[in-house]
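Quick notes on the structure that follows.
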Amino acid sequence: MACKRAIIGLTGGIGSGKSAVAQRFAALGVDVVDTDEVAHALSASGGAAMPAIAAGFGPGVIAADGSMDRAAMRALVFADPARRAQLEGILHPLIHAESLRRLSLGHSPYAMLVVPLLFETGTYLGLLSRTLAIDCPEEMQLSRVMQRSRLTEEQVRAIMAAQLSRSERKARSDDVIDNSGDLTALDLQVALKHRYYLASFTGAACPPSSTDHTDSRSD
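All residue numbers for the sequence shown refer to full-length UniProt numbering, where the first residue is 1 and numbers rise by one.
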C-alpha cells in the first residue's frame, strides 16, 4: 500500500494500557486501527476467518454463537507451537489486509495503528513513520490483566515472557508514554504527543522514522 499519510505504530506489553491510550488519541480526532479489534471481528460469528478456523481446528474451538472460543483456542495454541503457527497463518494475512483497508478510509492528519507485537513480528514496521510504546512496571501489567480477565497469574506471566522486555521495547521505540501514573498524567502525555505529531506530520507525506525519543521519563 502506498503511504499517503503518517502512521504511528502504537505498541506495549499486555496490560500496559494500549487501549486506554488509543481511545484518548481517537477522542482527539485521530483515526485509530487496532489489530486486536480487527482480529476479534474476523473471528466473531460470521467473521471472515471462521470457515478456515472451523475447518482447521474443529468444533472444540467454536463457541455456541459460532465465534471462536478464545479460551479454548488459547489453551490449545499455548501448548502446541505448531497449532499456534497454524492459527497465525489463518489470521495474520486477514488482519493485515483488513487493517490496511481501514487505514485507507481515514482522513486525520496522521493515523495510529495499534499492534501488540509490533517489534516481535515486524510485519507493519515498513508502514510506519514513528513508533510509540506504552510502558508501565511488570507488576502493574500483571495486576491490570488479572483484574479484567480470567487469566491466571501463570498464564499472564507466560504471555509477558513471550513479548519483548520493557527495556528492549523502549529502546526500539521512537517515543514512549509512561502509564504508571494517574489518568491526568496519561491525558497530558497523550495531548503532548498529539501536538508533536500534528506539528511533525500535518501536510507531510510519510516522513522517515527517527530514533530520537520525544518523551522525558524516569524509570
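Idealized CB from N, CA, C, for every residue including glycine.
Just so we're clear, the structure is a prediction, and the values are computed from it rather than from any experiment.
- Rounded to whole angstroms, the separation of the alpha carbons of S173 and L125 is 11 Å.
- Counted as a single uninterrupted DSSP element, the alpha helix (DSSP H) harbouring Y196 occupies residues L183 to F201.
- If you look at G9, you'll find it in the beta strand (DSSP E) that goes A6 to G12.
- Using a 10 angstroms sphere on the CB of Q147, the tally of other CB atoms stays under 16, which defines it as exposed.
- The region 40–50 and the region 61–78 touch, with three or more beta-carbon pairs separated by less than 8 Å.
- Around the C-beta of E98, 16 or more other C-beta atoms lie within 10 Å, and the residue is accordingly described as buried.
- Within the same chain, and ignoring the five residues on either side of G106 in sequence, the residues whose Cβ sits closer than 6 Å to its Cβ are D31.
- Taken in chain order, the complete alpha helix (DSSP H) segments of 4 or more residues contained in the region 20–97 are 35–42, 50–57 and 70–79.
- The C-alpha of S129 is placed about 22 Å away from the C-alpha of H92.
- Here R195 is exposed. Its C-beta has fewer than 16 other C-beta atoms within 10 Å.
- Contact between V145 and T35 does not hold, since their C-beta atoms are separated by about 18 Å, which reaches or exceeds 8 Å.
- Counting along the chain, T121 sits inside the alpha helix (DSSP H) bounded by residues L118 to T121.
- Under the DSSP assignment, A161 falls in the alpha helix (DSSP H) whose first and last residues are E153 to A161.
- By the neighbour-count definition (other C-beta atoms within 10 Å, threshold 16), A71 is an exposed residue.
- Each residue's CA atom was taken as its position, placing A191 and L198 some 11 Å apart.
- Classified as buried, A49 has 16 or more neighbouring CB atoms from the shown chains inside 10 Å of its CB.
- In this structure, DSSP gives V145 a helical state, which the three-state scheme calls helix.
- Its chain contains L42, A48 and A49 as the residues whose beta carbon lies nearer than 7 Å to that of L94, once the 5 sequence neighbours on both sides are disregarded; these appear in chain order.
- For R130, the enclosing beta strand (DSSP E) begins and ends at R130 to D135.
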